[in-house]
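Numbering (this note's numbering), first residue to last: 121 to 212. Every residue, glycine too, gets a C-beta built ideally from N, C-alpha and C. Computed from a prediction, not measured in an experiment: that's the story for all the values here. Here the structure comes first, spelled out in structure tokens, and everything after it is commentary.
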Ligand SMILES: [Zn+2]
């Protein structure tokens, strides 16, 4: 955590500035650029998880399952569509 990460530092005045903006609802435009590394890291993690491929629980194919849309997964090998978690599929 460095000085460019106000979102993770509750003691920082910038942090409270962000909180006040959140309360006032003035958030959408600033969200991606200014919300600090913490939020962006979380988003990146979710994005990379949702792009990852997973093993199919039906046919056992390795890395054949990819995300179609939120909560919907598709296996290239057996062609099965199924639902899972919104962003990740549990690996066993
Ligand atoms: Zn399959």
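Note down the Cα distance separating residue 194 from residue 174, rounded to an integer number of angstroms. Taking the first residue of the chain shown as 1, we reach residue 194 at position 74. Taking the first residue of the chain shown as 1, we reach residue 174 at position 54. Using only the alpha carbons, I get a separation of about 10 Å.
Cα-Cα, which of 172, 162, 176 and 205 is closest to residue 112? The first residue shown for the chain is 121 and the last is 212, placing residue 112 beyond what the model contains.
Check: residue 204 C-beta below 7 Å from any heavy atom of ligand 1: If you number the chain shown from 1, residue 204 lands on position 84. Of the heavy atoms belonging to ligand 1, none sits nearer than 7 Å to the Cβ of residue 204.
Residue 147 to residue 181 span [Cα, whole Å]: Along the chain shown, one-based indexing puts residue 147 at 27. Along the chain shown, one-based indexing puts residue 181 at 61. Because the pLDDT of residue 147 is 48, which lies under 50, any placement of that residue in the model is unreliable, and the number read from its coordinates should be weighed accordingly. C-alpha separation (whole angstroms): 43 Å.
Nearest-residue set for ligand 1, Cβ under 6 Å from any heavy atom: 176, 178, 179, 181, 184, 195, 197, 198 and 200
Measure the beta-carbon distance from residue 200 to residue 192 and round it to whole angstroms, keeping in mind my assumption that it falls under 8 Å. Within the chain shown, the letter at position 80 stands for residue 200. Within the chain shown, the letter at position 72 stands for residue 192. 11 Å between Cβ atoms; not a contact.
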